Each structure stands twice: as C-alpha cells, then as structure tokens.
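Residue numbering for the sequence shown follows full-length UniProt numbering, starting at 1 and increasing by one per position.
Even for Gly, the Cβ is constructed at its ideal location relative to N, Cα and C.
Here the structure is a predicted model, which means the values were calculated and not measured.
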Amino acid sequence: MTLVRYNPLNNFVSGTFGDMIENFIREGAKGQETYTPAVDIFKNENSIELHLYTPGISKEDIKIDLSEDLLNISGERSLGEELRKSATQIESKYGSFKRSFKLSKEINIEKIDASYDNGILKITLPINPKKEARVIKVN
C-alpha cells in the first residue's frame, strides 16, 4: 500500500480556477454573454445555402454585411431585464454573436439573398456559371 500525501490546495485550485476558466469561456473576455448559433451549409450546382439557427431573435436584430470576400453575420438575443430578474433557471443562450464566412471567387456577390422564417436565417449564395475554356486560333 502506498500513502499519498493530502494537499487541500489541490481541490481549491482546480475548483476555483476551473470555475474561472469555465466562466471566461462561457461569458467571453469582456464578461458579457455570447453564444454561437449553429449553421448548416448546403451546396448544389447553382448555389450555396447557409441556414443559421437563431430562435428568439427578430430579423431586425440581425445584421449581415459583406466586406470584400468576407460575409459577416451578427446579432443579439436578449432576455430582457424583467425576465432576467424573475428567472429561477436559464438554460438558453443569450447575448451577442458573430459568424464570418470567407467567400470563394465562384460566388456572385451581387445576387446574395437572405430570408428569415421561424428562427432560421437562410442566406443564398449564387454560384457564377463556369466559363468554358476558349480556344484562340493563331493566325
């Protein structure tokens, strides 16, 4: 049998600092709540479609912008101070979010379309038709 020396600081350090790290990850560096909405991506020969799942957010609280070849989607899901004060348990995620997607050259950025229905933001990214190779005759 081997004797192991008990160190009461082990539980203190792992418990205290473990909680701090978990809170930092959950709440972000600035102490504000954030979350990352799930996204599904579908592709066919004509377009790529993003489905961003954002239940409980109105379309007015979602911002989509395009900066060169980067599609940025941001928004905020807020609980409201009255509900927050009276809550006994909150399992849903609230706070701000931002998702960014690098677009390839095949996307026609002039025809990007977005719609929002039942908590699902659908963004359609049309694909430019492929240009066939052109043969140039030498004279």
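Here residue 75 is buried. Its C-beta has 16 or more other C-beta atoms within 10 Å. The C-beta separation of residue 127 from residue 47 comes to about 6 Å, placing the pair in contact by the 8 Å criterion. Judged by DSSP in its simplified three-state form, residue 99 adopts strand. Rounded to the nearest whole angstrom, the CA to CA distance from residue 57 to residue 119 is 7 Å.
Closest option to residue 99, judged by alpha-carbon separation, among 82, 45, 52, 60: 52.
For residue 65, the three-state secondary structure derived from DSSP is strand. For the alpha helix (DSSP H) assignment, the uninterrupted runs of no fewer than 4 residues enclosed by the stretch 32-94 are, from N- to C-terminal side, 81-86. The beta-bridge partner set that DSSP reports for residue 131 is empty. Remark: C-beta atoms of residue 103 and residue 71 approach each other more closely than 8 Å. Annotated three-state conformation of residue 105 is coil, per DSSP.
Using a Cβ distance threshold of 8 Å, residue 34 and residue 121 do not count as a contacting pair.
A Cβ-Cβ distance of about 13 Å is found for the pair residue 124 and residue 117, leaving them out of contact under the 8 Å criterion.
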